[in-house]
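Beneath this line is the structure, given in structure tokens, with notes to follow.
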Amino acid sequence: MKIVSAEEVNAYQDAVIRGGLKGAAVGLGSGLATAAILSRTWSGWRQLTPPAKAFGLTMLTAACAITNAENSGRAFERAQWRDEGAAAMEAIAKRERQAWEAMGTKDKAIKWAKEHRYKIVAGSWVAAMAVSSLTIFRDRYQSFPQKLVQARMWAQGTTIAMLIATAGLTTLHFKGEDELSEAENPEHSWMAVLPDEERRKELQKLEQAHGNGKGEKEH
44 MKIVSAEEVN
54 AYQDAVIRGG
64 LKGAAVGLGS
74 GLATAAILSR
84 TWSGWRQLTP
94 PAKAFGLTML
104 TAACAITNAE
114 NSGRAFERAQ
124 WRDEGAAAME
134 AIAKRERQAW
144 EAMGTKDKAI
154 KWAKEHRYKI
164 VAGSWVAAMA
174 VSSLTIFRDR
184 YQSFPQKLVQ
194 ARMWAQGTTI
204 AMLIATAGLT
214 TLHFKGEDEL
224 SEAENPEHSW
234 MAVLPDEERR
244 KELQKLEQAH
254 GNGKGEKEH
């Protein structure tokens, strides 16, 4: 196992922070531009109170910041792959691409949903907050805190429903899932760098060793 130095930890944190700041800038810029367009073209947006508009802009900025920070962190990790480790991870990535190309639309949808489960839940919360806010904040007879509580309740209900729905994804399987899971197993990832013939031999050795271990336990 590789020992991570303090410099690498600091570099990773810097990459995440820079990515978050860039994402926030993009989110804020796109949000302001969208708000300006909506102010000219949509009366519903003009009817919203300034706090409601600021709330929507804040959600968009935060979502872009978090997403880009995560992507920047992953990009930094990939940039640190070296030698055999880099070859193994590249081989796994190649197998994943090949498996993806061989899948049908349904299998791709299931695989994508499983890999982005929590993003789907978070996105549904943001979408529910935005849609409910556009409706609830038109009510002139409620205070801003009351409107915010109602919008949050709608968003929470939607989030719970999405959590239940995404939990059902564990019962669904896509084509080639077992093979990909085996390839991504940390204990066997080193085998990805071996040629096919050597890989088969190593698998046979592992199976024999596993069988011998079972026999010794029975005795």
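For reference, each letter of the sequence shown is one residue, going 44 to 262 in the numbering used here. Glycine included, every Cβ here is placed at the ideal spot set by N, Cα and C.
Put residue i into one of helix, strand or coil per three-state DSSP.
i, result
"residue 177", "helix"
"residue 83", "helix"
"residue 92", "coil"
"residue 240", "A caution first: residue 240 carries a pLDDT of 48, below 50, which makes its placement in the model too unreliable to give a value."
"residue 251", "helix"
"residue 48", "coil"
"residue 141", "helix"
"residue 123", "coil"
Can you tell me whether residue i is buried or exposed? The criterion is at least 16 other CB atoms within 10 Å of its CB, across all chains shown.
i, result
"residue 70", "buried"
"residue 217", "buried"
"residue 147", "exposed"
"residue 75", "exposed"
"residue 198", "buried"
"residue 205", "buried"
"residue 186", "exposed"
Compute the beta-carbon to beta-carbon distance between residue i and residue j, rounded to the nearest angstrom, for a pair I have assumed lies under 8 Å.
i, j, result
"residue 78", "residue 108", "Not quite, the Cβ-Cβ distance comes to about 18 Å (not below 8 Å), so this is no contact."
"residue 209", "residue 164", "6 Å"
*asked:* Below 8 Å, how does it come out for the stretch 58-69 and the stretch 105-122: are there three or more Cβ pairs, yes or no?
replied: yes
*Which runs of the alpha helix (DSSP H), 4 residues or longer, sit entirely within the stretch 143-222?*
Restricted to the stretch 143-222, the alpha helix (DSSP H) segments that are unbroken, complete and at least 4 residues in length are 148-158, 160-179, 187-210, listed in chain order.
*Check whether the stretch 167-180 touches the stretch 98-117, taking contact to mean three or more Cβ pairs, one atom from each stretch, closer than 8 Å.*
yes
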